[in-house]
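A.B. asks: Numbering (the numbering used here), first residue to last: 6 to 521.
Below are the structure tokens for one structure; questions will follow.
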């Protein structure tokens with residue numbers, strides 16, 4: 006008897022404890038009979054739904070309360086197979102409209118009535134979290150759209166800035182060729198030339214930024230000799246190193262180190278590092294270049310005795326627009342993109358760039374590495390051979406095609422002074438007429454022409470010129486690998502990127518005339 010009474014007492018205690026727990030739970034709990042009608046709910050559920058217990062029990066169903074029509078079969082199947090279902094539900098409340106809850110539905114059977122199934126629905130309100138997630142997603146999408154528009158703007162701006170630079174560069178070269186009797190004019194001309202060169206460099210950096218942001222830094226891989234890459238990078242940066250009075254020491258491996266890569270891009274990558282060494286090393290400093298191979302990789306180390314790199318700035322060194330000096334003075338100038346571009350180029354070559362510096366004032370050492378190549382034929386080290394001087398070619402006929410009248414006029418005047426016979430056209434129609442009448446030996450054509458673009462014009466020009474030998478040269482602001490391939494497919498023999506350096510162009514034209 007005592008045992009029976011103890012068991013009854015224990016059962017009553019458990020029941021009262023369960024009821025107290027049910028009433029005290031902070032999350033809404035709804036009890037549903039097997040036929041889905043609501044039979045009970047705790048105080049938290051009354052507050053959440055905005056209904057008294059008496060208003061919901063016996064008359065309200067789970068479907069009407071929790072909007073589970075679309076999930077009804079899924080929930081029933083889960084409860085039947087595993088006695089539990091978890092997921093998100095949209096539920097209706099009296100005063101706060103639809104809310105989103107993270108719900109756990111669990112089926113239980115009464116101990117004394119195994120054929121009677123009840124379902125406990127425990128709900129946790131996640132409406133605020135879902136609204137926040139939605140807002141963050143919207144902000145993220147807006148940010149992506151804004152970034153895309155910004156990248157498109159930078160790409161368009163960098164291309165358009167190349168157009169006015171062309172006639173300015175041509176005119177400066179024309180003025181230099183004519184000469185100055187007034188020393189003040191000569192000095193002013195030299196200043197303008199230096200600043201235009203700086204501006205051209207910044208425009209080229211903007212182009213690279215646009216390519217980085219859009220993932221269009223395309224590579225044209227070919228077998229190369231690593232020493233040739235280093236030689237060309239040093240050739241480009243030597244004037245800046247000499248101007249700063251730096252002592253340059255070289256330690257180059259004597260045996261050819263073979264790699265696969267894009268010559269132009271690898272030269273650019275190393276030149277960026279060398280230019281930084283020259284820029285951030287006080288005048289009369291030391292720059293050392295060491296080249297070799299180790300563990301299946303070619304490497305080059307550029308050491309300098311310059312400003313060094315602070316520990317806080319080092320993690321940001323290879324980021325786009327990273328600047329150690331963020332003051333308004335910024336005497337060193339630049340956009341802070343060179344090392345970011347170098348890292349991207351090395352990454353696309355399955356290589357790397359790393360840096361060591363003991364801190365500010367302790368100099369830096371940059372190491373570039375990329376995999377060695379198997380033995381094979383080596384590509385030419387230059388895309389186009391350049392002559393050593395601006396040799397004129399009397400009577401060599403050149404047709405210039407550009408819708409920028411200033412660019413046409415200034416280039417024509419410069420070439421005329423060098424002894425070429427020059428004619429101009431500003432669109433495809435007039436170019437075809439001039440090709441027939443003027444009989445040019447070389448045509449220098451823009452790509453972005455009105456009406457018929459350069460890609461369409463090139464084959465038409467070859468048809469118009471018949472069997473006569475014709476050198477077709479594309480001169481355009483678009484210079485990635487895809488653009489070069491497209492111009493080649495259209496029939497162009499060469500692809501030059503604006504703004505054209507006047508001296509380099511004159512050397513190129515002299516070579517073409519000599520080999521015609």
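We treat Cβ as the ideally placed atom computed from N, Cα and C, and that holds for glycine.
Quick caveat: nothing in here was measured; it's all calculated off a predicted structure.
1) Could you work out which residue in 370, 469, 306, 445 is closest to residue 437 when comparing CA atoms only?
2) Going by beta carbon distance, what residues of the same chain come within less than 7 Å of residue 51, once the five residues before and after it are set aside?
3) Check each candidate in 366, 489, 480, 488 and name the one with the smallest Cα separation from residue 502.
4) Could you give the C-beta distance for residue 466 and residue 440, rounded to a whole number, given that I count them as a contact under 8 Å?
5) Name the DSSP beta bridge partners of residue 95, please?
6) Enumerate, from N- to C-terminal direction, the unbroken beta strand (DSSP E) stretches of 3 or more residues contained entirely within the segment 208 to 270.
7) If contact is defined by three or more beta carbon pairs under 8 Å, each pair taking one atom from either stretch, is the segment 225 to 240 in contact with the segment 255 to 274?
8) Am I right that residue 111 and residue 124 are in contact with their C-beta atoms under 8 Å? What's the rounded C-beta distance?
9) Judging by CA-CA distance, which residue of 89, 227, 236 is the nearest neighbour of residue 279?
10) How many angstroms separate the CA atom of residue 95 from the CA atom of residue 122?
11) To the nearest angstrom, how far is it from the Cα of residue 450 to the Cα of residue 179?
12) If we ignore side chains and look at the alpha-carbon of each, how far apart do residue 447 and residue 504 end up?
13) Looking at the secondary structure, which residues open and close the beta strand (DSSP E) in which residue 38 lies?
14) Rounded to a whole number of angstroms, what is the C-alpha to C-alpha distance between residue 281 and residue 140?
15) Enumerate in chain order the residues of its own chain whose CB-to-CB distance from residue 291 is below 6 Å, with the five nearest sequence positions on each side excluded.
16) Does residue 376 come out as helix, strand or coil in the three-state DSSP assignment?
17) Under DSSP, the alpha helix (DSSP H) around residue 517 begins and ends at which residues?
18) Measure how close the beta-carbons of residue 431 and residue 408 come, nearest whole angstrom, since I'm counting them as under 8 Å.
19) So who's on the other strand from residue 89, going by DSSP bridges?
20) What residues in its chain sit with their C-beta under 8 Å from that of residue 198, if we drop five residues either side in the sequence?
21) Given residue 215, which residues of its chain have a CB within under 7 Å of its CB, disregarding the five upstream and five downstream residues?
22) Short check: CB of residue 1 to CB of residue 454, under 9 Å?
23) Under 9 Å between the Cβ atoms of residue 416 and residue 171?
24) If we call anything under 9 Å between Cβ atoms a contact, is residue 347 one with residue 298?
25) Check residue 143 in the structure and name its three-state DSSP category.
26) Out of curiosity, what's the CA-to-CA distance linking residue 399 and residue 515?
27) Kindly indicate which three-state DSSP category residue 78 falls into: helix, strand or coil?
28) Specify the secondary structure class of residue 367 as computed by DSSP and reduced to three states.
29) Around the C-beta of residue 277, are 16 or more other C-beta atoms found within 10 angstroms, so that it is buried, or is it exposed?
C.D. replies: Working from what's here:
1) 469
2) 57, 58
3) 480
4) 5 Å
5) 105
6) 227 to 230, 252 to 256, 263 to 266
7) yes
8) 7 Å
9) Residue 236 is the option with its Cα nearest to residue 279.
10) Using only the alpha carbons, I get a separation of about 24 Å.
11) A direct Cα-Cα distance of roughly 20 Å separates residue 450 from residue 179.
12) Between the alpha carbons of residue 447 and residue 504 lies a distance of about 19 Å.
13) 34 to 38
14) 43 Å
15) 252, 310
16) strand
17) 507 to 520
18) 5 Å
19) 111
20) 177, 181
21) 156, 159, 160, 163
22) This structure gives no information on residue 1, because the portion of the chain shown stretches from 6 to 521.
23) yes
24) The Cβ atoms of residue 347 and residue 298 do not sit closer than 9 Å to each other.
25) helix
26) 10 Å
27) helix
28) coil
29) buried
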